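Input: a single structure, listed below in structure tokens.
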Amino acid sequence: MVAITLPDGSVRQFDGPVTGLDVAADIGPGLAKAALAVRIDGEMKDLATTIDHDANLAIVTAKDPDALDLLRHDCAHVLAEAVQELYPGTQVTIGPTIENGFYYDFARDEPFSSDDLEKMEAKMHEIVDRDSPFVREVWSRDDAIHHFKEIGEKYKAEIIQDLPDGEDIGIYRQGDWLDLCRGPHLPSTGRVGHAFKLMKLAGAYWRGDHRNEMLQRIYGTCWFNEKDLKAYLHMLEEAEKRDHRRLGREMDLFHMQEEAPGSAFWHPKGWTLYRLCQNYMRTRLDDAGYVEVNTPQLVDRTLWEESGHWEKFRENMFISESEDKLLAIKPMNCPCHVQIFKQGITSYR
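Numbering (my numbering), first residue to last: 403 to 751.
This is the structure we're talking about:
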């Protein structure tokens, strides 16, 4: 017997091992139809995961706070399959979810274009219509490395080589296509739906290191319905009208140039406003009893490794190499301010 405890505290008994879908169907056909995944003892798993022991279980539907992340994860896999169908020889690397969407990095000699994005979207709709089940497999480390090297996927092989010894290698199939992934996934590609859009292209270094190869990153967004997708795209359009770069140029306050990414060329009116705001802020800080310090803008990577920024935000940091050292523009003040605090002995007294 397997006892399944539901979120409301009720317990359902089953004669033998069951899946999340079995439990959902036992509760009702409506829930079985809406089910996307399952939480087993708090951990999200595929709906088809076999449960052979007593467990706490919750069915994940589109109303779940983590459901959008699950949907976008699957949409990234659909994108990767579409790209490799359209452009054989393209290597896939990583494809995580991000706020309001996802991205996937690809290795390809020829650059993608905006026209390519339209072709990819069309192919993605086709893959969704195939409604191929997501099927999880567990491979040995050696078999996984051998497979991906054999098909020319050196980045996937490198990822597997960096995983701890003895760790299960999760592989997910969708039709004839497969990818390295821990999961979980929706039941099938059809559950991704058609409320998605590829947004833009960008460059990204492999593993966020400028000494590695430059990859092509494709950003996308995905929602559970067309209404939410249109609302998000409308929000972006409205935000574009208020973009500080556009307003700065139109109001003759400042402008941006490719030669200085992330930095502004301040015009007379803009710099006057900047100084007025700065002086106002300093006056308020003085009145509140704060003191002002100043720290270097460019700091060696060792400090960012110690603070944890290098591991988590390296890909988004501005990095410069000098005399065999890697330096990064500080992403925030805290780590450098701590260095001031460390000079001498400080007491709560």
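All C-beta atoms, glycine included, are put in the ideal place defined by N, C-alpha and C. Bear in mind the structure is a predicted one, so any value in this text is a computation, not a measurement.
In this structure, does DSSP put residue i in helix, strand or coil?
i: F504; result: strand
i: A478; result: helix
i: L459; result: strand
i: D410; result: coil
i: W712; result: helix
i: K629; result: helix
i: E445; result: strand
i: V420; result: strand
i: M565; result: Reading off the sequence shown, one finds Leu at residue 565, where the question assumed Met. Looking at L565 - three-state DSSP - the assignment turns out to be coil, as it is neither helix nor strand.
i: A464; result: coil
i: R584; result: coil
i: L687; result: helix
i: L438; result: coil
i: E723; result: strand
i: K602; result: strand
Closer than 7 Å by C-beta to residue i: which residues in its own chain qualify, once you throw out the five before and the five after it? Chain order, please.
i: I529; result: V480, E483, A484 and T591
i: A559; result: I547, F550 and K551
i: A405; result: V413, Q415 and D456
i: A426; result: L433, A434, A437 and I461
i: E539; result: I573 and R575
Distance, Cα to Cα, residue i vs residue j?
i: V462; j: T492; result: 34 Å
i: L655; j: M683; result: 20 Å
i: S722; j: E660; result: 17 Å
i: D570; j: R543; result: 7 Å
i: F598; j: A524; result: 11 Å
i: L582; j: L705; result: 33 Å
i: G577; j: S534; result: 5 Å
i: T495; j: A509; result: 7 Å
i: E640; j: E708; result: 40 Å
i: G572; j: C624; result: 24 Å
i: D585; j: E615; result: Here residue 585 turns out to be Gly, not Asp, going by the sequence shown. Going from the Cα of G585 to the Cα of E615 covers about 27 Å.
i: P663; j: M719; result: 12 Å
i: Y634; j: V740; result: 40 Å
i: L580; j: M446; result: 21 Å
i: I588; j: D454; result: In the sequence as displayed, the identity of residue 588 is Leu instead of Ile. Computed Cα separation, rounded: 21 Å.
i: D476; j: P733; result: 31 Å
By DSSP's criteria, residue i is part of a beta bridge. Which residues make up the other side?
i: L700; result: I731
i: Y616; result: Per the sequence presented here, residue 616 reads as Met, with Tyr not at that position. DSSP output for M616 lists Y607 as bridge partner(s).
i: Y676; result: Its beta-bridge partners do not exist; DSSP assigns none.
i: H657; result: F667
i: R575; result: V537 and L580
Counting only the same chain and skipping the five closest in sequence on each side, list residues whose C-beta sits under 6 Å from that of residue i.
i: E694; result: none
Here's a check: name, in chain order, each residue in its chain whose Cβ is nearer than 8 Å to the Cβ of residue i, leaving out the five neighbours to either side.
i: L729; result: L700, V701, D702, R703, I721, S722 and E723
Strictly under 9 Å for the Cβ-Cβ distance: is residue i near chain C by that measure?
i: D518; result: Here chain C cannot be found, since the structure has a single protein chain.
Touch test, the region 594 to 606 against the region 507 to 523, Cβ-Cβ under 8 Å, three pairs minimum: yes
Below 8 Å, can you find three or more Cβ-Cβ pairs linking the region 643 to 654 to the region 663 to 673? yes
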